[in-house]
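Quick notes on the structure that follows.
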Amino acid sequence: MPDEKSLAIDVTKVDARKHILAKPPILSSHESGWENLGLEYHIQPPYESQEHYATHYTLVIRLKCQLGFERWLGECHKSEDTMFGDVAVIPPYVTHKAATSEESEFIALTLDSKLVANIAYESVNPNVVEIIPHFSKPDPLIYQIGLALKAALESNSLGSRLYADSMATALSAHLLQHYSVPKHSLQDYGGGLPKHKLQRVTEYIIDHLAEDLLLGAMAQEVGMSRYHFARLFKQSTGLSPYQYVIHCRIERAKMLLLQTKLKISEVASMVGFADQSQFTRHFKRLLGVTPKEIRKQ
Numbered sequence: 103m104p105d106e107k108s109l110a111i112d113v114t115k116v117d118a119r120k121h122i123l124a125k126p127p128i129l130s131s132h133e134s135g136w137e138n139l140g141l142e143y144h145i146q147p148p149y150e151s152q153e154h155y156a157t158h159y160t161l162v163i164r165l166k167c168q169l170g171f172e173r174w175l176g177e178c179h180k181s182e183d184t185m186f187g188d189v190a191v192i193p194p195y196v197t198h199k200a201a202t203s204e205e206s207e208f209i210a211l212t213l214d215s216k217l218v219a220n221i222a223y224e225s226v227n228p229n230v231v232e233i234i235p236h237f238s239k240p241d242p243l244i245y246q247i248g249l250a251l252k253a254a255l256e257s258n259s260l261g262s263r264l265y266a267d268s269m270a271t272a273l274s275a276h277l278l279q280h281y282s283v284p285k286h287s288l289q290d291y292g293g294g295l296p297k298h299k300l301q302r303v304t305e306y307i308i309d310h311l312a313e314d315l316l317l318g319a320m321a322q323e324v325g326m327s328r329y330h331f332a333r334l335f336k337q338s339t340g341l342s343p344y345q346y347v348i349h350c351r352i353e354r355a356k357m358l359l360l361q362t363k364l365k366i367s368e369v370a371s372m373v374g375f376a377d378q379s380q381f382t383r384h385f386k387r388l389l390g391v392t393p394k395e396i397r398k399q
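For the sequence shown, the working numbering puts the final residue at 399, and the numbers step up evenly by one.
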């Protein structure tokens, strides 16, 4: 029987699954600077993986229907007929292996266990929270988040950190709400942010638009946890922190385009977009015209 330590894989490394899967991932977030969350997109030939475990949560999202997919979670085994969008939840230190005679297409999301523990501590009693393993089943929210993260990584890997940061918090809360035993309802902190905290964080956002704004930094600015800050900020503004930052960047860019002769690429960089194509896409989505068109009006 293999030594327990030999079963461990470090999912923060790009080659973590090289001894488990036949081929490396087609797409990976390892070089994108994401914190607390990782994504790999795989298309694998038929395989039988070795038994392994990770210290992170792993969410496996199926992108192809498969019959007779064999999965072992800890001491449990199941032959799964997986459907498009089904999700398996594998907590830290739970051993896992799988086998299939068909080609597999899937997204593997990995979530830092410390982040989940922090949100559990802030939201429920962490001493009675345990997220348990789940074989594949439909979960539309995790499925949609997985697809959205994949699209963000494909379109702009370096500019997707804030979005990934926000989704890590949302996934953590979702796991605690729907996959823990006994199940808990997260505490609801209503009323939005106090006015002085809202003013402070909005000023912080405006002052740091050109930088790589992250959810944790915004929450820290007003002395709050990420989870509660994100919920109360949306209650106050009607927008998630990520959406609010995008709106602020576009408004600042509009002013610069109308009042200066800076190149569009220079404006995009000054307001925090990683490239001009990402900037143009958000600009047209929010204002209905491209940066070039607004200068002709």
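Cβ atoms here follow ideal geometry from the backbone N, Cα and C, with glycine treated the same way.
This one's a predicted model, so the numbers in the text were calculated from it and none came from an experiment.
Among the options, which one has its Cα closest to the Cα of residue i?
i: Thr202; options: Ile145, His158 and Thr160; result: Ile145
i: Arg397; options: Val189, Leu358 and Met372; result: Leu358
i: Ser238; options: Met372, Ile192, Ile348 and Ala266; result: Ile192
i: Ala319; options: Ser268, His158, Arg119 and Gln337; result: Ser268
i: Lys252; options: Leu123, Leu165, Ala332 and Lys365; result: Leu165
i: Lys299; options: Ala275, Leu217, His330 and Ala312; result: His330
i: Lys199; options: Ser206, Val218, Gly176 and Phe208; result: Gly176
i: Asp309; options: Ser367, Lys297 and Val373; result: Val373
i: Tyr159; options: Ser257, Arg328, Ala219 and Glu323; result: Ala219
i: Ser108; options: Glu153, Leu123, Asp117 and Tyr149; result: Glu153
i: Pro148; options: Cys178, Phe208, Lys297 and Met185; result: Phe208
i: Gly294; options: His384, Met326 and Leu389; result: Met326
i: Tyr281; options: Glu224, Ala190 and Gly261; result: Ala190
Looking at the structure shown, is residue i part of a helix, part of a strand, or coil, going by DSSP?
i: Ser206; result: strand
i: Phe375; result: coil
i: His447; result: With the chain covering only 103 through 399, there is no way to say anything about residue 447.
i: Leu129; result: strand
i: Lys166; result: coil
i: Glu224; result: helix
i: Lys115; result: coil
i: Ala312; result: coil
i: Lys285; result: For Lys285, the predicted structure reports a pLDDT of 49, less than 50, and the residue's modelled location is therefore unreliable. The matter cannot be settled from this model.
i: Tyr155; result: strand
i: Tyr252; result: According to the sequence as given, residue 252 is Lys; it is not Tyr. Here Lys252 sits in helix by DSSP.
i: Glu137; result: coil
i: Lys199; result: strand
Please classify residue i as buried or exposed, where buried requires at least 16 neighbouring CB atoms within 10 angstroms.
i: Lys115; result: exposed
i: Gln168; result: buried
i: Pro393; result: buried
i: Thr362; result: exposed
i: Phe375; result: buried
i: Leu273; result: buried
i: Gly187; result: buried
i: Arg387; result: exposed
i: Ile233; result: buried
i: Ile128; result: exposed
i: Ser131; result: buried
i: Glu182; result: buried
The beta strand (DSSP E) that contains residue i, what's its start and end?
i: Ala148; result: The identity of residue 148 in the sequence shown is Pro, whereas the question assumes Ala. No beta strand (DSSP E) holds Pro148; DSSP gives it neither H nor E.
i: Lys239; result: His236 to Pro240
i: Ser342; result: Note, Ser342: premise wrong, no beta strand (DSSP E); not H, not E.
i: His179; result: Cys178 to Thr184
i: Asp188; result: Asp188 to Ile192
In terms of residues, what are the limits of the alpha helix (DSSP H) holding residue i?
i: Val303; result: Lys297 to Asp309
i: Ile122; result: Element bounds for Ile122: n/a, residue is neither H nor E.
i: Gly318; result: Leu317 to Glu323
i: Tyr265; result: Arg263 to His280
i: Lys394; result: Pro393 to Ile396
Tell me whether residue i counts as near the ligand SAH, meaning its Cβ is closer than 7 Å to at least one heavy atom of that ligand.
i: Ser206; result: Looking for the ligand SAH in the displayed structure turns up nothing, as the structure carries no ligands at all.
Given 8 Å as the limit, is there contact between the segment 212 to 219 and the segment 138 to 153, that is, 3 or more CB pairs closer than that?
yes
With contact counted as at least three CB pairs below 8 Å, one residue from each stretch, are the segment 228 to 247 and the segment 291 to 305 in contact?
no
Pairs of beta-carbons, one from the segment 125 to 137 and one from the segment 180 to 197, closer than 8 Å: are there three or more?
no
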